[in-house]
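I have placed the structure first, in the form of structure tokens, so that the comments after it can refer back to it.
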Amino acid sequence: MREETRSAGKRRLFIKTYGCQMNVYDSARMADLLAPLGYESVDAPDGADLVILNTCHIREKAAEKVYSELGRLRPLKEAKAEAGERMIVTVAGCVAQAEGEEIRRRAPVVDLVTGPQSYHRLPEMIAKAHRAAGETLAAEFAVDEKFDRLAGARAVDGPAAFLTVQEGCDKFCTFCVVPYTRGAEWSRPVDQITAEARILAAQGVREITLLGQNVNAYLGAPPAGDGGEGAWGLARLVRHLAKIDGLERIRFTTSHPRDMDDALIAAFAEEPKLMPYLHLPVQSGSDKILTAMNRRHTAAHYLDVIAQVRAARPDIAISGDFIVGFPGETETDFADTLAIVEAVNYAQAFSFKYSVRPGTPAAEMTRQVDEAEKGERLARLQELLGRQQDEFNAAQIGKALPVLFEKSGKREGQLAGRSPYLQAVHVDAPETLIGSIADVRIEAATRYALSGPLAVSASEAV
Ligand code: SAH
Ligand code: SF4
Ligand code: F3S
Numbered sequence: 001m002r003e004e005t006r007s008a009g010k011r012r013l014f015i016k017t018y019g020c021q022m023n024v025y026d027s028a029r030m031a032d033l034l035a036p037l038g039y040e041s042v043d044a045p046d047g048a049d050l051v052i053l054n055t056c057h058i059r060e061k062a063a064e065k066v067y068s069e070l071g072r073l074r075p076l077k078e079a080k081a082e083a084g085e086r087m088i089v090t091v092a093g094c095v096a097q098a099e100g101e102e103i104r105r106r107a108p109v110v111d112l113v114t115g116p117q118s119y120h121r122l123p124e125m126i127a128k129a130h131r132a133a134g135e136t137l138a139a140e141f142a143v144d145e146k147f148d149r150l151a152g153a154r155a156v157d158g159p160a161a162f163l164t165v166q167e168g169c170d171k172f173c174t175f176c177v178v179p180y181t182r183g184a185e186w187s188r189p190v191d192q193i194t195a196e197a198r199i200l201a202a203q204g205v206r207e208i209t210l211l212g213q214n215v216n217a218y219l220g221a222p223p224a225g226d227g228g229e230g231a232w233g234l235a236r237l238v239r240h241l242a243k244i245d246g247l248e249r250i251r252f253t254t255s256h257p258r259d260m261d262d263a264l265i266a267a268f269a270e271e272p273k274l275m276p277y278l279h280l281p282v283q284s285g286s287d288k289i290l291t292a293m294n295r296r297h298t299a300a301h302y303l304d305v306i307a308q309v310r311a312a313r314p315d316i317a318i319s320g321d322f323i324v325g326f327p328g329e330t331e332t333d334f335a336d337t338l339a340i341v342e343a344v345n346y347a348q349a350f351s352f353k354y355s356v357r358p359g360t361p362a363a364e365m366t367r368q369v370d371e372a373e374k375g376e377r378l379a380r381l382q383e384l385l386g387r388q389q390d391e392f393n394a395a396q397i398g399k400a401l402p403v404l405f406e407k408s409g410k411r412e413g414q415l416a417g418r419s420p421y422l423q424a425v426h427v428d429a430p431e432t433l434i435g436s437i438a439d440v441r442i443e444a445a446t447r448y449a450l451s452g453p454l455a456v457s458a459s460e461a462v
């Protein structure tokens with residue numbers, strides 16, 4: 001098998017992705033970039049010609065995972081070398097950006113290091129590595145801008161896809177590494193995004209999630225021929241993409257409370273393709289902590305935004321992110337976080353213990369909270385958030401929800417899809433429905449999924 005693959009000029013590529021959806025998008029695009037060089041994706045690192053770890057630096061644990069994975073790769077690389085072949089190990093993503101060449105000193109198994117802003121140069125870097133070993137590759141490219149390079153082919157994996165519209169972050173929350181690893185905020189031009197969305201739709205994608213670390217601050221160059229009205233915001237972009245035939249659902253993430261403008265709130269009321277789900281992190285319910293975090297909003301402002309969004313779209317599912325144990329957080333501050341959770345009533349949420357990130361302002365703050373205290377607060381917060389998630393899901397029982405079927409389910413004859421509120425839905429339905437939207441009568445709900453039968457006959461699905 002190995003010989004056959006070789007003789008066809010094929011090389012095996014294994015990519016492991018950590019962190020956020022933007023990394024998921026970047027990994028897919030790296031695979032697209034490397035395909036013309038003969039690299040085909042495989043699902044295990046054993047025997048791979050190229051391994052890419054697309055890493056995350058957001059919390060200490062995330063960053064440390066990379067080093068344990070590199071430890072596991074070492075014997076695989078050695079085994080390949082013994083067979084007279086080479087495994088090129090690449091560290092990409094946010095750890096690569098934060099630590100740079102230091103990674104190679106700490107883990108000599110690593111051949112290449114490339115940050116999130118420069119992975120479009122990967123084909124060239126890899127070609128160089130091959131040349132150094134006396135090998136040539138099928139094709140080589142010149143260096144170019146990341147997204148220009150990415151404008152071409154896009155392999156799709158099912159009817160729901162991510163589409164990065166904005167990179168970087170200018171907010172500088174005092175706990176966060178993203179402004180350092182992803183750089184300054186930059187929005188892709190509308191025409192470039194539209195072209196990519198059309199390519200996706202033409203390949204059967206029905207739902208796109210527009211990605212950015214601060215996606216609702218999107219401000220991109222308008223389409224050619226727009227009459228020079230200046231940059232477009234996210235609401236306008238969403239309405240524009242909604243006109244693409246075949247695209248049925250649009251989502252976006254992650255938003256910042258400061259950047260929820262009236263146009264975007266109105267889009268939830270007026271644009272039927274914009275799904276009723278908003279991920280709007282608040283981090284803490286205490287104004288003292290929000291100030292120390294440099295979040296640039298108060299708890300009251302956040303609640304006001306939620307009230308406006310709910311006025312526009314009463315059924316909207318609200319999701320959030322929380323950090324417990326930020327330096328200086330007292331029991332009273334934590335009680336304010338529980339209170340804001342009670343006030344909002346979340347459909348879903350992510351919550352974390354504060355993790356010290358070297359180089360960020362919060363790492364220098366005194367009054368760091370004890371680990372045990374953080375753990376205890378996280379458990380209390382998650383208990384409350386879990387209960388709200390149970391209630392939100394249980395409230396769907398008896399309703400018919402339109403579900404986009406994405407893939408086969410765990411059981412034979414079962415499909416897995418998503419409701420408008422991003423809940424996982426399991427349904428007994430034929431595989432021919434993958435890529436379609438059909439109503440499902442919700443009969444059961446757990447914390448993580450809904451289930452029930454099709455409410456229409458399979459032939460009536462869109
Ligand atoms: N741009 C998004 C997401 C950033 S990272 C936003 O602004 O919300 C995703 C989440 O990780 C953050 O919302 C925050 O809750 C969490 N996070 C970031 N830095 C962290 C740290 N140092 N310790 C613990 N959690 C952190
Ligand atoms: Fe990090 Fe804050 Fe930017 Fe989000 S808004 S990426 S939490 S700095
Ligand atoms: Fe992690 Fe980088 Fe995303 S630090 S959360 S992979 S932007």
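Quick note, in our numbering, the sequence shown goes up one by one and the last residue is 462. Note that the Cβ used here is the ideal one computed from N, Cα and C, for glycine as well.
query                                                                                                                                                                                         : result
Please go through the same chain and pick out, in chain order, the residues whose beta-carbon is closer than 6 Å to the beta-carbon of Ala300, but skip the five residues on each side of it. : none
When every heavy atom of ligand 2 is checked, does at least one fall within less than 7 Å of the C-beta of Pro222?                                                                            : no
Report whether the distance from the Cβ of Pro463 to the nearest heavy atom of ligand 1 is below 7 Å.                                                                                         : Past the edges of the chain, shown from 1 to 462, lies residue 463, and the structure says nothing about it.
Mapping the DSSP letters down to three states, classify Phe392 as helix, strand or coil.                                                                                                      : helix
Determine the extent of the alpha helix (DSSP H) in which Ala98 is found, giving its start and end residues.                                                                                  : Cys94 to Glu99
Taking 8 Å as the threshold (beta carbon to beta carbon), is Leu384 in contact with chain B?                                                                                                  : Going by chain labels, chain B is absent from the structure shown, which holds only one protein chain.
Taking a contact to mean a Cβ-Cβ separation below 8 Å, would you say Val305 touches Pro361 in this structure?                                                                                 : no
Could you check how far apart the C-beta atoms of Met87 and Val51 are, in whole angstroms? I think they sit under 8 Å.                                                                        : 6 Å
Please report the residue range of the alpha helix (DSSP H) in which Arg474 lies.                                                                                                             : With the chain covering 1 to 462 only, the question about residue 474 has no answer from this structure.
Looking at C-beta atoms only, is the number of pairs between the region 119–131 and the region 156–173 that lie closer than 8 Å three or more?                                                : no
Look up Tyr277 in the DSSP assignment and say whether it is helix, strand or coil.                                                                                                            : strand
Between the alpha carbons of Leu13 and Phe334, how many angstroms are there, rounded?                                                                                                         : 46 Å
So Asp26 packs on Tyr119, CB below 8 Å; how close in whole Å?                                                                                                                                 : 6 Å
Could you name the residues of the same chain whose beta carbon sits closer than 7 Å to that of Arg59, not counting the 5 residues immediately before and after it, in chain order?           : Phe352 and Ser355
Looking at the structure shown, is Arg11 part of a helix, part of a strand, or coil, going by DSSP?                                                                                           : strand
For ligand 2, is there any heavy atom lying closer than 7 Å to the beta carbon of Gln213?                                                                                                     : yes
Do you know offhand how far Glu342's Cα is from Glu373's?                                                                                                                                     : 21 Å
Tell me whether Val456 is buried or exposed, calling it buried when 16 or more other Cβ atoms sit within 10 Å of its Cβ.                                                                      : exposed
Only counting runs of 4 or more residues, tell me where the alpha helix (DSSP H) segments fall wholly within the region 371–425, in order along the chain.                                    : 371–394
Quick check on the DSSP output: what are the complete alpha helix (DSSP H) runs of length 4 or more inside the region 177–246, in order along the chain?                                      : 178–181, 190–202 and 234–241
Label Arg447 either buried or exposed according to how many other C-beta atoms from any shown protein chain fall within 10 Å of its C-beta, with 16 as the threshold for buried.              : exposed
Given Ala267, which residues of its chain have a CB within under 6 Å of its CB, disregarding the five upstream and five downstream residues?                                                  : Ala235, Val238 and Leu274
Just checking, does the region 216–233 make contact with the region 185–193 on the three C-beta pairs under 8 Å criterion?                                                                    : yes
Can you find the residues in the same chain that come closer than 8 Å, C-beta to C-beta, to Gln389, ignoring five residues on each side of it along the sequence?                             : Tyr346, Ala347, Gln348, Ala349 and Arg447
Using a Cβ-Cβ cut-off of 6 Å (strictly less than) and excluding sequence neighbours within five positions of Gly285, which residues of its own chain qualify?                                 : Ala299, Asp336, Thr337, Ala339 and Ile340
Return yes when at least one heavy atom of ligand 2 lies under 7 Å from the C-beta of Val403, else no.                                                                                        : no
Compare the C-alpha of Val215 against each of Lys243, Leu264 and Glu383 and name the closest.                                                                                                 : Leu264
Between the Cα of Leu206 and the Cα atoms of Ala217, Leu241, Cys176 and Asp226, which residue gives the shortest distance?                                                                    : For the sequence presented, residue 206 should be read as Arg rather than Leu. The option with the nearest alpha carbon to Arg206 is Leu241.
Note down, in chain order, each residue of its chain lying with its Cβ closer than 7 Å to the Cβ of Lys65, except the 5 sequence neighbours on either side.                                   : Tyr18
When the Cα atoms are used, what is the spatial distance from Ile397 to Ile316?                                                                                                               : 16 Å
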